[in-house]
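Residue numbers (UniProt numbering): 1 to 314.
One structure below.
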């Protein structure tokens with residue numbers, strides 16, 4: 001069965017709302033909502049196909065666009081490769097040129113709509129930012145909480161509360177405070193034993209590669225509405241993350257780091273190859289920061305994650 005190559009767009013307006021369209025009942029996966037786009041013809045680049053489809057479907061001309069995520073999905077009757085771009089500027093007033101209903105929704109509201117299974121990673125990518133802050137380990141609690149507050153004020157939307165290994169009561173207390181600071185402003189990801197899952201309902205969970213290896217076969221430990229992420233370093237761990245049903249991963253180390261000086265870096269080429277075979281959002285980690293964000297996008301990643309590169313100056 002030949003894989004159908006589709007160019008699709010996460011189109012944002014000036015307020016950050018995202019445009020979605022309802023598939024006709026007669027189409028494959030009919031009646032469900034989707035991100036606008038269409039088939040890439042044999043002689044077209046993805047950018048050309050996307051521009052043509054959005055002009056024909058919505059009557060708009062693309063201004064600025066960048067790669068967001070590639071998703072390979074196998075339905076029983078069809079195999080697709082969704083080549084998804086984020087469109088941040090356009091001209092024209094979007095309308096359903098083919099009679100399809102449209103809706104502008106906030107990123108948070110995307111989960112209220114029913115999408116085809118292949119679109120689920122796109123929904124996650126559309127809801128996630130391009131930067132993932134990981135807190136330093138060597139700070140006292142007051143300085144750490146001040147830093148989190150400052151990072152949120154500076155626009156950080158996704159924060160991992162980095163943890164020592166094991167059942168550390170100090171970390172637990174810190175997590176309670178961090179949840180309060182992030183409420184309604186940023187998504188907090190906690191690290192820790194699964195026994196704590198029920199105690200922090202507002203938090204997502206970022207599991208270690210050791211937890212991934214131990215628990216992947218048991219499936220997802222969290223309900224779909226809570227974020228689940230994993231630390232990955234190779235193709236085997238990415239496959240386990242897929243098996244567990246995580247929402248996104250960090251892939252590291254891309255470049256040499258002070259935190260893990262002995263770890264063998266992947267390099268940009270290998271990181272890009274690993275992302276190519278993985279259909280979920282990936283944050284690249286290790287020796288990267290805001291300056292590498294665009295390079296990460298072009299490698300197929302959601303964005304970049306880091307400690308020092310994102311931690312606000314005292």
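We put the CB at the ideal spot given by N, CA and C, even for glycine.
If you're wondering where the values come from, they're calculated on a predicted model, not measured in any experiment.
Among the candidates the options, whose CA atom is the shortest distance from the CA of residue i?
| i | options | result |
| --- | --- | --- |
| residue 86 | 189, 75, 312 and 50 | 50 |
| residue 209 | 215, 225 and 231 | 231 |
| residue 255 | 284, 104, 229 and 242 | 284 |
| residue 106 | 97, 180 and 126 | 126 |
| residue 307 | 301, 193 and 289 | 289 |
| residue 311 | 245, 144 and 263 | 144 |
| residue 4 | 78, 67 and 12 | 78 |
| residue 16 | 217, 292 and 128 | 128 |
Looking at the unbroken beta strand (DSSP E) that takes in residue i, where does it start and where does it end?
| i | result |
| --- | --- |
| residue 107 | Counting along the chain, residue 107 falls outside any beta strand (DSSP E), and DSSP gives it neither H nor E. |
| residue 83 | 78 to 91 |
| residue 280 | Here residue 280 belongs to no beta strand (DSSP E), and DSSP marks it neither H nor E. |
For the alpha helix (DSSP H) containing residue i, name the first residue and the last one.
| i | result |
| --- | --- |
| residue 49 | 46 to 58 |
| residue 302 | Taken as a continuous stretch (DSSP letters only), residue 302 belongs to no alpha helix (DSSP H), as it is neither H nor E. |
| residue 274 | 267 to 276 |
| residue 153 | 141 to 153 |
| residue 297 | 293 to 298 |
Apart from the five residues just before and just after residue i, which ones in its own chain have a Cβ nearer than 7 Å to its Cβ?
| i | result |
| --- | --- |
| residue 37 | 6, 7, 8, 9, 50 and 53 |
| residue 46 | 7, 40 and 83 |
| residue 220 | 228, 244 and 245 |
Using a Cβ-Cβ cut-off of 8 Å (strictly less than) and excluding sequence neighbours within five positions of residue i, which residues of its own chain qualify?
| i | result |
| --- | --- |
| residue 142 | none |
For residue i, which three-state DSSP category applies?
| i | result |
| --- | --- |
| residue 15 | coil |
| residue 176 | helix |
| residue 226 | coil |
| residue 248 | strand |
| residue 128 | coil |
| residue 71 | strand |
| residue 40 | coil |
| residue 156 | coil |
| residue 241 | helix |
| residue 123 | helix |
Counting only the same chain and skipping the five closest in sequence on each side, list residues whose C-beta sits under 6 Å from that of residue i.
| i | result |
| --- | --- |
| residue 60 | 54, 90, 92 and 94 |
| residue 160 | 134, 189 and 206 |
| residue 11 | 19 and 87 |
Any contact between the region 97 to 104 and the region 152 to 164? By contact I mean 3 or more CB pairs, one from each, below 8 Å. Short answer: they don't touch.
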